[in-house]
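Notes follow the structure.
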Amino acid sequence: MWCCVYPYNAPNKSYALQLALIISEDGAELCLCLGSGTSQLRQTETRQDGEQYLQILQSRLRSTPEHIVKAVTKALPNDVRYLSGWRRPLGGSEFSGLKEWLSYAGSSEGTQASVSRYFSVNELEVLGDGITDAYLDMLQAAVPLFDYCSANGNPGEDEKLDEDVPTAALDLHTLRSRASAEPYGLQISDDVYRAVIAAVQSGKHLILTGPPGTAKTTLAEVLCQLAADAGWCRGYTLTTATADWTTYETIGGLRPAGNGLELQFHPGLCLESAADGCWLIVDELNRSNFDRAFGQLFTVLSGQSVVLPYEDHKTGERIVLAVDGGTRKHRGGGYSVIEVPRNWRIVATMNVFDKTLLFEMSYALMRRFAFVEVPAPETAVYETIWQRELAGLPDAEAKQIARILTGLERLRTIKQVGPAMFKDMARFAREYLVIGGTVPEGALAFQLFYSFLLPQFEGIDERSGRRLFQTLTPIVGSAQRERLATALREVLGMTMLMDADGEFTEDL
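To convert, note that position 474 of the sequence shown is 728 in my numbering; the numbers rise steadily by one, no gaps.
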């Protein structure tokens, strides 16, 4: 019997560093080991992902910093053996210690390399469920090594990898493959993926536009994670813009020092992410006054260095944001240089329908970004998404929810809403029926509209409001008609009343 723990981002245990417990007729083996490097996975792409993951893992094993080697060696149990593979005959270690073992494990022959601890049958019987404590102790000892060797993580602060081995390609095929696979399951056209990759590869920052619920933020996260795996960055930071943003939040500003006696410059979100080699995702960019918030960063976004009106409190020198080539020019010239990698990107999302929060954007902003629309898909995609969420429900309940969602989907002719909204509604309706039992269809339809869709119609005009009411009335039923009219008046501010025949009249 074999069980193991391995990093969540590894495609399969066969390609991962793991902490395994192997129980056989001879007793038990507790081992910190590498997978075999091969698996029975049928999908070629998955195997390739595993092999690429193993390459960067072994690269990191070879370059494990000395302080991590010492920390893990000290924490490991005294009776471990350093071996070239698990399930070896009883005997001594094959390597002098962890450092020599890491060198072997990081080589092309190092798959299956194992740091093992053995328990005889009698010892295992005496331990009983105490084997759990032994397992956790050894896992805790190995934590620094797991942290360092995680294929998507960063090396130690004082160390750098001997080589950066990309684990993926930043291309249309890989982006589409990752975005469409679980847990994302995005159904986006190739035109969008192609435009996104073209923008990044051509040196532009990116703004994803489109109606709410079209998975713009998820697509941004998948893109940035792919960029990290492809060696373009070390990861990403996700933040949400607000109307209060100034250069203080994005570039940085003066804050009280620890002693409370002076002010020191502290970098903002953009500088922190750039200095760390991480891409920055700005969600709901339209909530900010971008021109006011990004200030001097405009120059950096166009690929040029810029001097900030702040001094480094350590050196007293003026701070410079230097884009690759500008680093050498400013270093040594009385400046404190913050390097901005040329591959650094801002990936923003914008809800183009959020008229109340959308500021006018200058041409200077638009020139520095590529705008890519993520449109709402066809009706068939919506149906596929909610049917997937309703799988396993009793047939009658699944059909009831599907009828409601089919009716609500027609509201997209008034204002476009993405499929994520309908995915959320399907999940909500499923739980709503499980909790409350039988519910009138009209009442459930009104609840779904009120909980998820009503805020999306803010700002519509009177004519659209009439269409909205007329389309919804047969869906929610006559019993909910007055509630619906009240909601449209109070939430959306529609200056309308409903007459006895259910028609709108102007509230004069």
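Just so it is clear, CB atoms sit at the ideal spot from N, CA and C, and this is done for glycine as well. Treat the numbers as computed from the prediction; the structure is a model and nothing was measured.
Quick check: residue i and residue j, are their CB atoms within less than 9 Å of each other?
| i | j | result |
| --- | --- | --- |
| residue 536 | residue 469 | no |
| residue 369 | residue 334 | yes |
| residue 597 | residue 465 | no |
| residue 283 | residue 372 | yes |
| residue 731 | residue 683 | no |
| residue 254 | residue 424 | Since the first residue shown for the chain is 255 and the last is 762, residue 254 is missing from the structure and cannot be characterised. |
| residue 556 | residue 574 | no |
| residue 462 | residue 493 | no |
| residue 603 | residue 551 | no |
| residue 486 | residue 546 | no |
| residue 722 | residue 702 | no |
Mapping the DSSP letters down to three states, classify residue i as helix, strand or coil.
| i | result |
| --- | --- |
| residue 486 | coil |
| residue 737 | helix |
| residue 389 | helix |
| residue 272 | strand |
| residue 412 | Note that residue 412 scores 39 on pLDDT, short of 50, meaning its location in the model is unreliable; the coordinates nonetheless yield the value given after this. It is coil, neither helix nor strand. |
| residue 598 | coil |
| residue 572 | strand |
| residue 624 | strand |
| residue 438 | coil |
| residue 668 | coil |
| residue 770 | Since the first residue shown for the chain is 255 and the last is 762, residue 770 is missing from the structure and cannot be characterised. |
| residue 589 | strand |
| residue 447 | helix |
| residue 313 | helix |
| residue 767 | Nothing about residue 767 can be read from this structure; the chain reaches only from 255 to 762. |
Which residue comes first and which comes last in the beta strand (DSSP E) that contains residue i?
| i | result |
| --- | --- |
| residue 285 | 281–288 |
| residue 510 | 506–510 |
| residue 563 | 560–565 |
| residue 372 | 368–373 |
| residue 519 | 517–521 |
| residue 330 | Premise fails: residue 330 is in no beta strand (DSSP E) and is neither H nor E. |
| residue 690 | Per DSSP, residue 690 belongs to no beta strand (DSSP E); it is in the alpha helix (DSSP H), 673–690. |
| residue 259 | 256–259 |
Alpha carbon to alpha carbon, what distance is there between residue j and residue i?
| i | j | result |
| --- | --- | --- |
| residue 654 | residue 642 | 15 Å |
| residue 274 | residue 524 | 41 Å |
| residue 635 | residue 673 | 8 Å |
| residue 694 | residue 456 | 54 Å |
| residue 570 | residue 564 | 9 Å |
| residue 315 | residue 403 | 7 Å |
| residue 323 | residue 399 | 8 Å |
| residue 328 | residue 285 | 16 Å |
| residue 269 | residue 365 | 8 Å |
| residue 632 | residue 645 | 21 Å |
| residue 601 | residue 441 | 20 Å |
| residue 507 | residue 517 | 9 Å |
| residue 382 | residue 689 | 42 Å |
| residue 480 | residue 439 | 16 Å |
| residue 592 | residue 625 | 28 Å |
| residue 650 | residue 692 | 11 Å |
| residue 667 | residue 740 | 22 Å |
| residue 393 | residue 336 | 16 Å |
| residue 263 | residue 520 | 32 Å |
| residue 678 | residue 623 | 31 Å |
| residue 259 | residue 502 | 43 Å |
Just to confirm the assignment, what range does the alpha helix (DSSP H) spanning residue i have?
| i | result |
| --- | --- |
| residue 544 | 544–548 |
| residue 696 | 695–702 |
| residue 654 | 649–663 |
| residue 537 | No alpha helix (DSSP H) contains residue 537, which is instead part of the beta strand (DSSP E) from 533–537. |
| residue 719 | 716–730 |
| residue 460 | Segment 459–464 is the beta strand (DSSP E) holding residue 460; no alpha helix (DSSP H) there. |
| residue 640 | 633–644 |
| residue 359 | 352–359 |
Report buried or exposed for residue i, applying the criterion of at least 16 other Cβ atoms within 10 angstroms of its Cβ.
| i | result |
| --- | --- |
| residue 287 | buried |
| residue 748 | buried |
| residue 620 | exposed |
| residue 345 | exposed |
| residue 401 | exposed |
| residue 527 | buried |
| residue 252 | One cannot answer for residue 252 here, as it falls past the ends of the chain, which runs 255 to 762. |
| residue 459 | buried |
| residue 414 | Its pLDDT being 40, under 50, residue 414 is placed unreliably by the model, and nothing is read from it. |
| residue 522 | buried |
Just to check, is the beta-carbon of residue i closer than 8 Å to a non-hydrogen atom of the ligand ATP?
| i | result |
| --- | --- |
| residue 538 | Among the ligands in the structure shown, none appear at all, so the ligand ATP cannot be discussed. |
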